[in-house]
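See structure below.
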Amino acid sequence: MCGIVGFMARDASVRSGLGELVVPMLTCMGERGPDSAGLAVFSDPLAGGLRRYSFYTADRNFDWTGFLSQFAAETGFSSEIEAIESHAILVSAADPATVQDWLSGRDDPVHLLSAGRTIDVYKDEGHPEQIARRYSFTGLQGTHAVGHTRMATESAVSPAHAHPFTAGEDFCLVHNGSLSNPYSIRRKLEKRGVRFETDNDTEAACRFLEWRMSEGDTLEQALEKGFDELDGFYTLLMATADKLVLVRDAFACKPAVVAETSAYVAISSEYRALAHLPGVKEARIFEPVPEQIYSWTI
Amino acid sequence: MDNLIPLDLARMSVRDLNQYLHHELPKEDPAVRVDILNPNGMHNIAVGLDSPAKIDIRGHAGYFIAGMNKRSHVTVHGNVGWSVAENIMSGSVRVKGCASECAAASGHGGLVVIEQDASSRCGISMKGCDIVVGGSVGHMSAFMAQAGTLVVCGDAGAGLGDSLYEAVIYVRGKIHGLGADAREEPMTPKDLARVTELLIKAGLPTITAGFKRVASARSLYHWHADAGQEY
Chain B
1 MCGIVGFMAR
11 DASVRSGLGE
21 LVVPMLTCMG
31 ERGPDSAGLA
41 VFSDPLAGGL
51 RRYSFYTADR
61 NFDWTGFLSQ
71 FAAETGFSSE
81 IEAIESHAIL
91 VSAADPATVQ
101 DWLSGRDDPV
111 HLLSAGRTID
121 VYKDEGHPEQ
131 IARRYSFTGL
141 QGTHAVGHTR
151 MATESAVSPA
161 HAHPFTAGED
171 FCLVHNGSLS
181 NPYSIRRKLE
191 KRGVRFETDN
201 DTEAACRFLE
211 WRMSEGDTLE
221 QALEKGFDEL
231 DGFYTLLMAT
241 ADKLVLVRDA
251 FACKPAVVAE
261 TSAYVAISSE
271 YRALAHLPGV
281 KEARIFEPVP
291 EQIYSWTI
Chain D
1 MDNLIPLDLA
11 RMSVRDLNQY
21 LHHELPKEDP
31 AVRVDILNPN
41 GMHNIAVGLD
51 SPAKIDIRGH
61 AGYFIAGMNK
71 RSHVTVHGNV
81 GWSVAENIMS
91 GSVRVKGCAS
101 ECAAASGHGG
111 LVVIEQDASS
121 RCGISMKGCD
131 IVVGGSVGHM
141 SAFMAQAGTL
151 VVCGDAGAGL
161 GDSLYEAVIY
171 VRGKIHGLGA
181 DAREEPMTPK
191 DLARVTELLI
201 KAGLPTITAG
211 FKRVASARSL
221 YHWHADAGQE
231 Y
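As they're listed, the protein sequences go chains B and D.
250 is the number that the working numbering gives to position 250 of the first sequence; each next residue is one higher, with no gaps.
131 is the number that the working numbering gives to position 131 of the second sequence; each next residue is one higher, with no gaps.
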C-alpha cells in the first residue's frame with residue numbers, strides 16, 4: 001500500500017498557498033505509506049536558458065556552499081543554490097548532461113533528483129509529516145504538485161527508492177501498486193542506452209514513458225503503449241511542465257479519487273486526504289475508470 | 001425529534017463513535033435516530049451495528065462504511081469509498097451519492113441501495129443480500145455471487161456475473177460483457193415483479209422496461225471429466 005496525491009492550481013490565487021493545501025494531503029496519506037515520502041513541485045518556467053536541479057545527500061550538514069563554488073569553478077557556470085539540510089536546488093545555465101557528468105566525477109554521494117525549467121523534487125526517508133516539516137513544504141508555491149507516501153513492498157526503503165521518480169526533464173511519476181515485469185522492461189531499455197539508478201519497479205515505468213516521449217510520443221501516446229507494456233497493478237500519477245496525468249490499470253486494483261473545482265484539481269488515493277480542501281463539498285468528485293487517461297493542463 | 005442523537009466526528013474518534021453505537025444505543029427502539037457529522041472520508045464508520053436505529057452520515061465517507069450491518073438503517077448523504085456494507089446481514093444501507101469498489105461485498109442479507117453509480121466488483125461474492133444501483137456498476141460486478149439479487153438501472157461494466165452461482169442480476173442499460181458462465185435469460189412476469197418490488201423498496205422510479213435478466217448457466221458447477229482431455 002502507498003498513497004498518492006496530486007494538485008493543480010487552476011486559479012492563480014491558489015498557487016501561493018499550494019504547500020499549505022498539499023501538506024495535509026501528504027500527511028493524511030502517511031497512513032498508507034509511512035516509510036518515506038516525496039514531493040515534486042512545478043512552478044513557472046525559468047526565463048532564458050536557466051534550469052533548476054534538485055539534489056539530495058544523506059549528510060544533513062553537507063557543505064552546499066562549497067559544492068556550489070566547486071561546480072562554478074569546474075564547469076564554468078556561475079550558478080545559485082538554495083539548500084535545506086540534505087536538499088538543495090541549483091539554478092544554472094548548465095545543461096543536464098554537464099551537471100550529470102560533473103556529479104558523476106565527484107566522490108561525495110550527492111544525487112540528482114530532478115532537472116528541468118519548472119520542477120523541484122524532494123524525497124527522503126521517514127514519516128511524510130516529518131519530511132514535510134524538515135523541508136518546509138507548507139511554504140512551497142507553484143502551479144502543480146505530485147506527492148507520494150511509500151509503504152515499500154518490493155525494494156529497499158531509501159531516499160533513492162522513494163517516489164517521485166524522474167527521467168529526462170520536467171517529468172515525474174508516482175505509483176501505487178506493483179509491477180510484475182520491471183526487469184524485462186529494464187532489459188529492453190538498457191539495450192537502448194537508458195540508464196537506471198535503482199532496482200525499483202516504478203523506475204522502470206518512469207523510464208519507459210520518458211523513453212517513449214524522447215522518441216516523439218506525447219505522454220498520452222506513451223501511456224497507450226504503457227497499457228500493453230506494463231504488467232501489474234498501478235495507479236500512476238504523472239506531471240510534466242504544464243500537465244497532471246492519471247491512469248489506473250485494467251483491473252483498477254489501486255484506488256484514486258479526483259475532486260475538481262474552478263480553483264483546482266486535486267487527486268488522492270482516498271477522499272479523506274481531500275476533505276480539508278476549500279469548496280471540496282461542492283467539487284465534482286469522481287473515481288477514474290480503468291485504462292482511461294485523465295489529463296489536466298494548466 | 002427527542003430521539004435524535006448527534007455525534008460529531010470532528011470531536012470524537014471513529015472508535016469512540018462505534019463503541020457508542022454498539023453499547024449505548026437502545027437495542028430494540030426503532031425510533032432512535034443518530035446523526036453522524038463531519039465524516040470527512042473517514043473509514044469504518046458505523047460498522048458492526050446491531051439495533052433497529054436509523055443512522056444518517058452527513059457527508060462523504062471512506063472505506064467499510066456500515067460493514068457487517070445487522071438490523072440498522074444507515075444512510076450516507078454523500079459518496080463512500082471501498083466496501084460499503086461489506087458482509088451486511090440485515091437492515092439497510094443507502095448511499096445517496098456514488099460508491100467505490102466492492103459495494104456490499106459478500107452481503108448475506110438486507111438491502112443496499114446506491115442511488116448513483118457503484119464502481120467495480122459491486123456485489124462480489126454476495127450471499128443473499130439485495131443490491132439496487134440507481135446508476136451504473138463497474139467491471140466484475142457480482143463476481144462469484146452466490147445468492148440474492150443485484151438490480152442495475154444503468155449500465156454494467158465488463159465481466160458481469162463471472163462465475164455466478166445462484167444470485168440473479170437485472171440490468172436496464174447496456175451490458176459491456178458477461179463473465180464466464182453468466183448468461184442472459186428471458187424476463188418472466190416473476191422477474192418483472194421482483195425488479196418492481198426492489199425498485200419500490202429502494203425508492204427509485206419503477207421503470208421496468210428494458211431490464212435484462214442475467215443468471216448462471218451452471219456449466220461451471222461440475223467438473224467435466226471429458227472436457228478438454230488434452231493432458
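Where is the CB? At the ideal position from N, CA and C, for every residue including glycine.
Owing to the predicted nature of the structure, the values given are computational and were not obtained by experimental measurement.
Counted as a single uninterrupted DSSP element, the stretch harbouring F67 of chain B is not any beta strand (DSSP E) but the alpha helix (DSSP H) occupying residues W64 to T75. R192 of chain B and A205 of chain B have their alpha carbons spaced roughly 15 angstroms apart. By the CB criterion at 8 angstroms, Y234 of chain B and G147 of chain B fall outside the cutoff. Counting along the chain, L25 of chain D sits inside no beta strand (DSSP E), nor does DSSP assign it H or E at all.
Judged by their CB atoms, N40 of chain D and V14 of chain D are not nearer to each other than the 8 angstroms cut-off.
A94 of chain B and M25 of chain B have their alpha carbons spaced roughly 35 angstroms apart. Remark: C-beta atoms of F42 of chain B and H87 of chain B do not approach each other more closely than 8 angstroms. When Cβ pairs closer than 8 angstroms are counted between the two stretches, the stretch 152-166 of chain B is seen not to touch the stretch 16-35 of chain D, the count staying below three. Residue nearest to F67 of chain B within the set B:L209, B:D242, B:S268 and B:H111 is B:H111 (criterion: CA-CA distance). In this structure, I114 of chain D lies away from G123 of chain D, with their beta-carbon atoms at least 8 angstroms apart. The Cβ atoms of L21 of chain B and L277 of chain B lie closer than 8 angstroms to each other. Straight across, the Cα-Cα distance linking E28 of chain D with S155 of chain B is about 53 angstroms. E125 of chain B is bridged by DSSP to B:S36. Rounded to the nearest whole angstrom, the C-alpha separation of S136 of chain B and A9 of chain B is 19 angstroms. If you look at D35 of chain D, you'll find it isn't in any alpha helix (DSSP H); it sits in the beta strand (DSSP E) that goes R33 to L37. DSSP lists no beta-bridge partner residue for V99 of chain B. For H111 of chain B, the pairing in a beta bridge is given by DSSP as B:Y56. For the pair M144 of chain D and S125 of chain D, the CB atoms are nearer than the 8 angstroms cut-off. Contact between V32 of chain D and N69 of chain D is absent: CB atoms are separated by about 15 angstroms, not below the 8 angstroms threshold. Listed along the chain, the chain D residues whose CB falls inside 7 angstroms of the CB of R272 of chain B are N40, G41, M42 and G62. Judged by beta-carbon spacing, V152 of chain D lies within the 8 angstroms limit of V171 of chain D, meaning their Cβ atoms are closer than that value. T98 of chain B is not a Cβ neighbour of A160 of chain B, given a cutoff of 8 angstroms. In this structure, the CA atom of Q130 of chain B is about 17 angstroms from the CA atom of D59 of chain B.
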